[in-house]
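Q: So the sequence lines, in the order shown, correspond to chains R and G. Sequential numbering of the first sequence, starting at 1, is according to this note's numbering. Sequential numbering of the second sequence, starting at 1001, is according to this note's numbering. Have a look at this one.
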Amino acid sequence: MSVAGTAGAYRERIAAALDEGWRFAGLHASEGGAVVRTLLVDPGGDTRLETVAIQGGVAPSIVDLAHGAAWDEREAHDLHGVGFDGHEPLRPLVDHDLDLEAWTVPVRGDGPYQVAVGPIHAGVIESGHFRFHVVGDLILHLDARLFYKHRGLERAAEGHTLDAGLAYAARACAACSITNSVAYAHACEDALGLETTPELARARTILLELERAWSHLNDIAAVCAGVGLAAGNNRFSALTEQARRLNAALTGHRFLFGSVHVGGSSLEIDAAAAQTAREELAAIDAEARSAWRELLFNASFQDRLPDVGVVATDDAVRLGAVGPSARAAGVPDDARIGAGRLAYGDFEPVLPRRAVGDVRARFEQRALELPQSLDLLASLLDRPLRPADATPGGEECKIGVGRAESPRGATSCVVERDGDRLARLRLRTGSYANWPVVAFAAAHNMLPDFPLINKSFELCYACADR
Amino acid sequence: MLTLLRDLRLLRRQIALSAPDRGRSLALRHVDAGSCNGCEHELTLATNPYYDLQRFGLGVVASPRHADVLLVTGAVTTRMREPLLIAYHAMPEPRRVAALGDCALGCGLLGRQEELVGPVETILPVDARIPGCPPTPETIAKLLLQLIDGAAMG
Chain R
1 MSVAGTAGAY
11 RERIAAALDE
21 GWRFAGLHAS
31 EGGAVVRTLL
41 VDPGGDTRLE
51 TVAIQGGVAP
61 SIVDLAHGAA
71 WDEREAHDLH
81 GVGFDGHEPL
91 RPLVDHDLDL
101 EAWTVPVRGD
111 GPYQVAVGPI
121 HAGVIESGHF
131 RFHVVGDLIL
141 HLDARLFYKH
151 RGLERAAEGH
161 TLDAGLAYAA
171 RACAACSITN
181 SVAYAHACED
191 ALGLETTPEL
201 ARARTILLEL
211 ERAWSHLNDI
221 AAVCAGVGLA
231 AGNNRFSALT
241 EQARRLNAAL
251 TGHRFLFGSV
261 HVGGSSLEID
271 AAAAQTAREE
281 LAAIDAEARS
291 AWRELLFNAS
301 FQDRLPDVGV
311 VATDDAVRLG
321 AVGPSARAAG
331 VPDDARIGAG
341 RLAYGDFEPV
351 LPRRAVGDVR
361 ARFEQRALEL
371 PQSLDLLASL
381 LDRPLRPADA
391 TPGGEECKIG
401 VGRAESPRGA
411 TSCVVERDGD
421 RLARLRLRTG
431 SYANWPVVAF
441 AAAHNMLPDF
451 PLINKSFELC
461 YACADR
Chain G
1001 MLTLLRDLRL
1011 LRRQIALSAP
1021 DRGRSLALRH
1031 VDAGSCNGCE
1041 HELTLATNPY
1051 YDLQRFGLGV
1061 VASPRHADVL
1071 LVTGAVTTRM
1081 REPLLIAYHA
1091 MPEPRRVAAL
1101 GDCALGCGLL
1111 GRQEELVGPV
1121 ETILPVDARI
1131 PGCPPTPETI
1141 AKLLLQLIDG
1151 AAMG
């Protein structure tokens, strides 16, 4: 962790780190708008923060070095009043109530017009606004305007104890509740100098993989719904229901709420419950495989998926894509690699044979990762689980960093504390990282394909908006 | 494809809720006014083969113009206040409002005061309350059926 340095040195350090293979993992304003911190992560899972002092209300932009920082800098401007030298134009992201010209990219030429969709959508979907710039049916550009669900959770968490702050991270999003909670708990434990134990690591890994299992089943159903294949949607929805019932049987809650705590785990699974869970997981695995085969041989369905919403490998890296969407484009990025506080061992992500980053690749990526999660769960549940506490022994510090892989990608949490109180909480979720990638993937596709492209990412609005 | 359809038929026979013939229907329009996405996920599952709300005459429609009931989830954020009111005023009368989930009911809200309007009933008349964080698909199905039977109508 470095002290706030000069603008030039800050940019040089980040540029050098990116050259050495570190990746951008988040940026936030802190200390009441006095500093900006950039989080970097290396392929082995190590993290580091680079801090720069804000002078005259302006910090140096790094958006030319790491395109993924674009949303972070726009958010820091809107919520903390920080200007970014070199980020031109710095369009509003969180601020609404502005003229259309302020937040849309000008699209000129012969006959382009705009299609406005949302914030309320036609199905049971979260709220957010999409402004498509189109010629005929062809999308030239998409401005995604989210933050309709902005509840100010990070700021509301400030001043609470580290324990009480957990609720703000957990409730940011139900679909990523465990990931956000684990990332938060890791960040607090990092700041408090607490170290994990094998049993604690196992409890949290079980919870993370249970969350991934239901979510991947849900995402497969969502793509079926995206093209109107009701049978596929219904089959995988039923499997999602089975997975959520298993969650309730193991933890008392269908979304696993309340199972993560800072500094320990109270989750207890006895031998009989673990055995029943393994049987249920095996049943889900078998049924999902059989239903997946049915989808593979449905030609009219499969014809809709290839070459739509393409994100090439270079673009995925450049834009900072994470999670299944990045892996489907051939980027082996996964926060489970080298996750020292979790029980993943020498985990390696699975990559598709045809990692071309289209809707089909992202769809197949879920089906590839699902059995991996179910296998992992079966081996983690081979014995009873007991409550466990983290152990003191590490070094206490003011700022802690935690990471976990959500079903949508790597999630980073930075906790800055003032004694036992939260001074600053920043949660950067997989969805947040991937939303700009959705907008990129939509361009040069047909407007009627957008729901399908969007479903192939299946991002949360709630954990981007917070 | 045939296997898939056979499996679904089997599932429905084995596990679906029993469906007495009500002979009536309600069209639902959902508006997310600032939820954590939990209520949406459970509402979506209420239409799967385990609960299959459509068999009871309950369907989610695309436009408030076609809706009898506005199903509102989430702590109403200041940014969703206006779209929510527009959706409500676009509905034909008689219209009903159901607050879905603890946030919409104002229980245990998290967030900054400046960003939240408060529970749904601060800006709209609420006719049905569906508690839970989030309510299970079963609770959603049961309370919506009460609504269709008139039991929960104000």
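Backbone N, C-alpha and C fix where the C-beta goes; we use that ideal spot for every residue, glycine too. Since this is a predicted model, take the numbers as computed values, not measurements.
Can you tell me which of the three DSSP states glycine 264 of chain R falls into?
A: strand
Q: Counting contacts by CB-CB distance shorter than 9 Å, is alanine 1062 of chain G in contact with chain R?
A: yes
Q: Does the Cβ of glutamine 114 of chain R have 16 or more other Cβ atoms within 10 Å, making it buried, or fewer, making it exposed?
A: exposed
Q: Checking the sheet assignment: what are the DSSP bridge partners for tyrosine 113 of chain R?
A: R:Val134
Q: Below 9 Å between beta carbons: does that hold for leucine 40 of chain R and alanine 59 of chain R?
A: no
Q: Bridge partners for glycine 409 of chain R per DSSP, in chain order?
A: When DSSP reads this structure, glycine 409 of chain R sits in a beta bridge with R:Ser406.
Q: For glutamate 50 of chain R, report the span of its beta strand (DSSP E) as first-last.
A: 47-53
Q: Based on DSSP bridge pairs, tell me the residues matched to methionine 1001 of chain G.
A: DSSP output for methionine 1001 of chain G lists no bridge partner at all.
Q: What is the DSSP secondary structure of isoleucine 337 of chain R, counted as helix, strand or coil?
A: In the structure shown, isoleucine 337 of chain R sits in coil (DSSP, three-state: anything other than H, G, I, E or B).
Q: State the Cα-Cα distance for the pair cysteine 369 of chain R and valine 356 of chain R, rounded to the nearest angstrom.
A: Correcting the residue identity first, residue 369 of chain R is glutamate in this sequence and not cysteine. Glutamate 369 of chain R and valine 356 of chain R: Cα-Cα distance of roughly 17 Å.
Q: Verify the CB distance criterion: does threonine 429 of chain R have a CB-CB separation below 9 Å to chain G?
A: Chain G contact via Cβ: absent.
Q: Which term fits aspartate 420 of chain R, buried or exposed, when burial requires 16 or more other beta carbons within 10 angstroms of its beta carbon?
A: exposed
Q: Compare the Cα-Cα distances from threonine 411 of chain R to each of R:Glu199, R:Ala312, R:Glu88, R:Asp333 and report the closest residue.
A: R:Asp333
Q: How big is the Cα-Cα spacing for glycine 393 of chain R and threonine 196 of chain R?
A: 10 Å
Q: Which of the three DSSP states, helix, strand or coil, is assigned to valine 1069 of chain G?
A: strand
Q: What are the partner residues of serine 127 of chain R, as DSSP defines its beta bridges?
A: Partner(s): none; serine 127 of chain R has no beta bridge.
Q: Just the Cα atoms here: how many angstroms apart are glutamate 31 of chain R and glutamate 268 of chain R?
A: A straight-line Cα-Cα distance of about 39 Å links glutamate 31 of chain R and glutamate 268 of chain R.
Q: Just how far apart, CA to CA, sit alanine 66 of chain R and valine 1060 of chain G?
A: 42 Å
Q: DSSP three-state call for glutamate 88 of chain R: helix, strand or coil?
A: coil
Q: For isoleucine 453 of chain R, which residues does DSSP report across the bridge?
A: Answer is none; isoleucine 453 of chain R lacks a bridge partner.
Q: Would a check of beta-carbon distances place alanine 282 of chain R closer than 9 Å to chain G?
A: no
Q: Going by Cα to Cα distance, which pick from R:Asp95, R:Ala76, R:Ser456, R:Gly430 is closest to alanine 441 of chain R?
A: R:Ser456
Q: Exposed or buried, histidine 444 of chain R, counting other C-beta atoms within 10 Å across all chains shown (16 or more means buried)?
A: Histidine 444 of chain R is exposed by the Cβ-count criterion.
Q: Excluding five sequence neighbours on each side, which residues of the same chain lie with their C-beta closer than 6 Å to the C-beta of valine 1126 of chain G?
A: Val1097, Ala1099, Val1120
Q: Based on the DSSP output, what are the partners of valine 1097 of chain G in its beta bridges?
A: G:Leu1070
Q: Just to confirm the assignment, what range does the beta strand (DSSP E) spanning serine 30 of chain R have?
A: 23-30
Q: Measuring straight from C-alpha to C-alpha, what distance separates glycine 33 of chain R and alanine 464 of chain R?
A: 21 Å
Q: Under a three-way DSSP split, which group does glutamate 1121 of chain G fall into?
A: helix
Q: Less than 9 Å between the beta carbons of leucine 1116 of chain G and glycine 1038 of chain G, yes or no?
A: no
Q: With a threshold of 7 Å on Cβ separation, who are the neighbours of alanine 157 of chain R within its own chain once the five nearest residues in sequence on each side are excluded?
A: Gly165, Tyr168, Leu422, Leu425
Q: Cα separation between phenylalanine 130 of chain R and threonine 429 of chain R?
A: Cα-Cα distance, rounded: 20 Å.
Q: Histidine 472 of chain R CB to nearest chain G CB: under 9 Å?
A: Outside the modelled stretch of chain R, which goes from 1 to 466, sits residue 472 of chain R, for which no answer is possible.
Q: If contact means a Cβ-Cβ distance below 7 Å, which residues of the stretch 1040-1066 of chain G contact chain R?
A: Glu1040, His1041, Leu1043, Thr1044, Leu1045, Asn1048, Pro1049, Tyr1050, Val1060, Ala1062
Q: Taking leucine 1116 of chain G as the query, report the chain R residues whose CB atoms sit under 7 Å from its CB, ordered along the chain.
A: Arg151
Q: Shorter than 9 Å from the beta carbon of tyrosine 511 of chain R to some beta carbon of chain G?
A: Residue 511 of chain R cannot be examined here, being either before or after the span of chain R that is shown, 1 to 466.
Q: Just mark lysine 149 of chain R as buried or exposed, buried being the case when its beta carbon has 16 or more other beta carbons within 10 Å.
A: Buried, since its Cβ has 16 or more Cβ neighbours within 10 Å.
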